[in-house]
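Trainee: Quick note on numbering: the sequence shown equals residues -12 to 440 in the numbering used here.
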Amino acid sequence: MEIRLLRTESFRLTAIFAVLFVGATLILSGVLYAIVDSAFKSEIILNARQDLAAVKKGYDAEGIGEATEVVNQRLARPTTSDFLLLQNAAGQRVAGNLPAVTPVIGTVRLPVPTARKDDHGAEHRILGRGQFIAPGVYAFAGQNLAVLKATEHKALRAIGWTLAAALIFAVAGGIALSRGFLRRMDTMTQTCQAIMAGRLSDRIPEPGTQDELARLASTINAMLDRISTLMENVRQISTDIAHDLRTPLTRLRHRLELVSAEATTVEEYGVAVDRVIADTDGILSIFSALLRIGQIEAGAARASFRQVDLDKVVKSLADIYGPVAEDRKHVLAIPVIEPAKVLGDRELLSQMLVNLIENAIAHTPDRTRITIDLRMTEAGASMRIADNGPGIPAGEREKVFRRFYRLEQGRSTPGSGLGLSLVAAITQIHGATIELTDNAPGLCATIAFPKCR
């Protein structure tokens, strides 16, 4: 388990960020250390300059005696420099708490006198400034660097403890994140294994967050739902074929038995063969329609979706089916048709409209008026196919979209009961909705398409 934790992506990312954090902290600490060290030393030199200026001012005013008095006063009440030295031209100390030194002008580093070393005997240095305040008269002022070194050591220890704590928290956070990551990944793996074992209804738990794993779980669940729908469609098609083709196949077999038992002349055999061919064509058309519905529901046609001028499709089919409707003593009209673009497949949209028009022609009495309206709304295109025929009872309107479902009054007309199932599949793949309502009298089918973007 621990090895798995160390190999997780979350732990690796945490380790990388921890290293970057430590590196950035070290660089920042180094820069701050240099800035503070430089500022502290600059402050020491500035204080030394001020002390030396005071000593020189006393010497210029009243000579060596006053300069000595200034040194003694500053040592008695130290406010800036810890160490002062005033020595004459002979190299002898006149005042101060340092032994005589070889005169050096400018910034000077001197060892701390033995008597002023700390209890631990640590070797410290004095940082200060030396100058001649008069010919042969040398003065030095400086400060012990022990305070600076102690402050720097404390700062380094604080930085070290901070880095150690940061590393500990980073490792602990990495382990916690990795455990959570592994727990959720194990849940996904177990669910996928259960689905592979046959529990197709299982789904990955979604925690409700918006992180990457939650989006992955949601996407996988959506994919599983889609696969389940497709498998259900395949099962439904298989069931439909097994049940609903039994009747035409039984009728076909019965015809062949009759031919075998009763036909005696070539003409009778010819008539029987023609009927068998017609029955076979009907069975093949049912197979073709079922496969077409299955392909549409699987979404195979989405790859060919383009912008389609729906108004042109309606006009073209109205021109084709207008004479067909007249032959059946119907009237096909398009009272309102507005320019409308939809995203889809032109062939499928034509097939959808053809099925609706043919249904209206086939299942309504003579002199029925069939109208097609196409309008644009804020939501998108809205197409309405209406007639003033007998209509469909309210309780039957949803059922007619089922495969092989036929109304009682429509059983005497040719057909397989798959036309409206194909219409429903086409509207669904286009993201549209279809609703059957009462046209008072007659039936109205309203198809609402989403706005084409």
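Backbone N, C-alpha and C define an ideal beta-carbon position, used for all residues, glycine too.
Quick check on the burial criterion: 16 or more other C-beta atoms within 10 angstroms. Buried or exposed for valine 18?
Mentor: On the sequence shown, residue 18 is found 31 positions in, with the first residue counted as 1. The residue is exposed, with fewer than 16 neighbouring Cβ atoms inside 10 Å.
Trainee: For arginine 333, collect the residues of the same chain with a Cβ closer than 7 Å to its Cβ; drop the 5 residues on either side in sequence, then sort them by chain order.
Mentor: On the sequence shown, residue 333 is found 346 positions in, with the first residue counted as 1. Within the same chain, arginine 333 has close Cβ partners Val295, Val300.
Trainee: Classify cysteine 179 as helix, strand or coil using the three-state DSSP reduction.
Mentor: The sequence position of residue 179 within the sequence shown is 192, counting from 1. Helix, per DSSP.
Trainee: Ends of the beta strand (DSSP E) at asparagine 131?
Mentor: As a working mapping, residue 131 is identified with position 144 in the sequence shown. Here the beta strand (DSSP E) through asparagine 131 covers 124 to 131.
Trainee: With 16 as the cutoff for other CB atoms within 10 Å, does tyrosine 308 come out buried or exposed?
Mentor: Locating residue 308 in the sequence shown gives position 321, counting from the first residue. The residue is buried, with at least 16 neighbouring Cβ atoms inside 10 Å.
Trainee: On the DSSP letters alone, give me the boundaries of the alpha helix (DSSP H) that lysine 328 sits inside.
Mentor: Within the sequence shown, numbered from 1, the residue matching residue 328 stands at position 341. Element bounds for lysine 328: not the alpha helix (DSSP H) but the beta strand (DSSP E), 328 to 331.
Trainee: Given a threshold of 16 other Cβ atoms within 10 Å of its Cβ, counted over all protein chains shown, does valine 95 qualify as buried or as exposed?
Mentor: In the sequence shown, the residue the question calls residue 95 occupies position 108. By the neighbour-count rule (16 or more Cβ atoms within 10 Å), valine 95 is buried.
Trainee: Would you list the one or two residues that DSSP bridges to methionine 370?
Mentor: The count along the sequence shown starts at 1 and reaches residue 370 at position 383. Per DSSP, Leu361, Ile434.
Trainee: Buried or exposed for methionine 339, going by 16 or more other Cβ atoms inside 10 Å?
Mentor: Taking the sequence shown and counting its residues from 1, one reaches residue 339 at position 352. With 16 or more Cβ atoms within 10 Å of its Cβ, methionine 339 is classed as buried.
Trainee: Per the DSSP calculation, alanine 412 is bridged to which residue(s)?
Mentor: Along the sequence shown, one-based indexing puts residue 412 at 425. According to DSSP, which records beta bridges pairwise, alanine 412 is partnered with nothing at all.
Trainee: Distance, Cα to Cα, methionine 363 vs glycine 195?
Mentor: Walking along the sequence shown from the start, residue 363 turns up at place 376. Walking along the sequence shown from the start, residue 195 turns up at place 208. Rounded to the nearest angstrom, the two C-alpha atoms are 38 Å apart.
Trainee: Does the separation of the CB atoms of leucine 97 and glycine 129 fall below 8 Å?
Mentor: On the sequence shown, residue 97 is found 110 positions in, with the first residue counted as 1. On the sequence shown, residue 129 is found 142 positions in, with the first residue counted as 1. A contact, by the Cβ cut-off of 8 Å.
Trainee: Do you know how far the Cα of aspartate 425 is from the Cα of lysine 316?
Mentor: Position 329 of the sequence shown holds residue 316. Position 438 of the sequence shown holds residue 425. About 23 Å.
Trainee: With which residues is proline 377 paired in a DSSP beta bridge?
Mentor: As a working note, residue 377 is residue 390 in the sequence shown. In the DSSP assignment, proline 377 is bridged to no other residue.
Trainee: Closer than 8 Å is the cut-off here; do at least three beta carbon pairs connect the stretch 27 to 43 with the stretch 65 to 77?
Mentor: yes
Trainee: So, helix, strand or coil for phenylalanine 70, using DSSP?
Mentor: As a working note, residue 70 is residue 83 in the sequence shown. In the three-state reduction of the DSSP assignment, phenylalanine 70 falls in the strand class, which pools E and B.
Trainee: Check alanine 82 in the structure and name its three-state DSSP category.
Mentor: Translated into positions along the sequence shown, residue 82 becomes position 95. Secondary structure of alanine 82 (DSSP, three-state): strand.
Trainee: Are the CB atoms of leucine 319 and alanine 327 nearer to each other than 8 Å?
Mentor: The sequence position of residue 319 within the sequence shown is 332, counting from 1. The sequence position of residue 327 within the sequence shown is 340, counting from 1. Contact: no.
Trainee: Counting C-beta neighbours from all protein chains within 10 Å, is the total for alanine 76 16 or more, i.e. buried, or is it exposed?
Mentor: Here residue 76 is taken as the residue at index 89 of the sequence shown, counted from 1. Label assigned to alanine 76: exposed.
Trainee: Sort Ala181, Gln74, Asp374 by Cα distance to proline 86 and report the nearest one.
Mentor: Numbered from 1 along the sequence shown, position 99 holds the residue referred to as residue 86. Nearest option by C-alpha distance: Gln74.
Trainee: Report the residue from Ala48, Ile113, His140, Gly378 whose alpha carbon sits nearest the alpha carbon of serine 16.
Mentor: Residue numbering aside, residue 16 sits at position 29 when the sequence shown is read from its first letter. When each option's Cα is compared against that of serine 16, the closest is His140.
Trainee: Return helix, strand or coil for glutamate 385, following the three-state DSSP convention.
Mentor: Here residue 385 refers to the residue found at position 398 of the sequence shown. Coil.
Trainee: Starting from glycine 52, trace the beta strand (DSSP E) both ways and give me its first and last residue.
Mentor: Translated into the one-based positions of the sequence shown, residue 52 becomes position 65. No beta strand (DSSP E) contains glycine 52, which is instead part of the alpha helix (DSSP H) from 51 to 63.
Trainee: I'd like to check one pair, serine 205 with glutamate 193: are the Cβ atoms closer than 8 Å?
Mentor: In the sequence shown, counting from the first residue as 1, residue 193 sits at position 206. In the sequence shown, counting from the first residue as 1, residue 205 sits at position 218. A contact, by the Cβ cut-off of 8 Å.
Trainee: If we ignore side chains and look at the alpha-carbon of each, how far apart do alanine 5 and alanine 145 end up?
Mentor: Translated into positions along the sequence shown, residue 5 becomes position 18. Translated into positions along the sequence shown, residue 145 becomes position 158. Spanning the two alpha carbons is a distance of roughly 18 Å.
Trainee: CB arginine 116 to CB leucine 132, shorter than 8 Å?
Mentor: In the sequence shown, residue 116 corresponds to position 129, counting from 1. In the sequence shown, residue 132 corresponds to position 145, counting from 1. Taking 8 Å as the Cβ cut-off, arginine 116 and leucine 132 do not qualify as a contacting pair.
Trainee: Quick check: the stretch 47 to 54 against the stretch 174 to 189, are at least 3 beta-carbon pairs closer than 8 Å?
Mentor: no
Trainee: What does the Cβ neighbour count give for tyrosine 256, buried or exposed, with the cut at 16 atoms within 10 Å?
Mentor: The count along the sequence shown starts at 1 and reaches residue 256 at position 269. Under this definition tyrosine 256 is an exposed residue.
Trainee: Check the C-beta distance from glycine 382 over to glycine 429 and give it rounded, since I have them as a contact under 8 Å.
Mentor: Residue numbering aside, residue 382 sits at position 395 when the sequence shown is read from its first letter. Residue numbering aside, residue 429 sits at position 442 when the sequence shown is read from its first letter. Wrong, their Cβ atoms sit about 17 Å apart, outside the cutoff.
Trainee: Since I believe leucine 71 is in contact with valine 58 (beta carbons under 8 Å), could you give me their beta-carbon distance rounded to a whole number of angstroms?
Mentor: To locate residue 58, count along the sequence shown from 1; it is residue 71. To locate residue 71, count along the sequence shown from 1; it is residue 84. Confirmed, Cβ separation roughly 5 Å.
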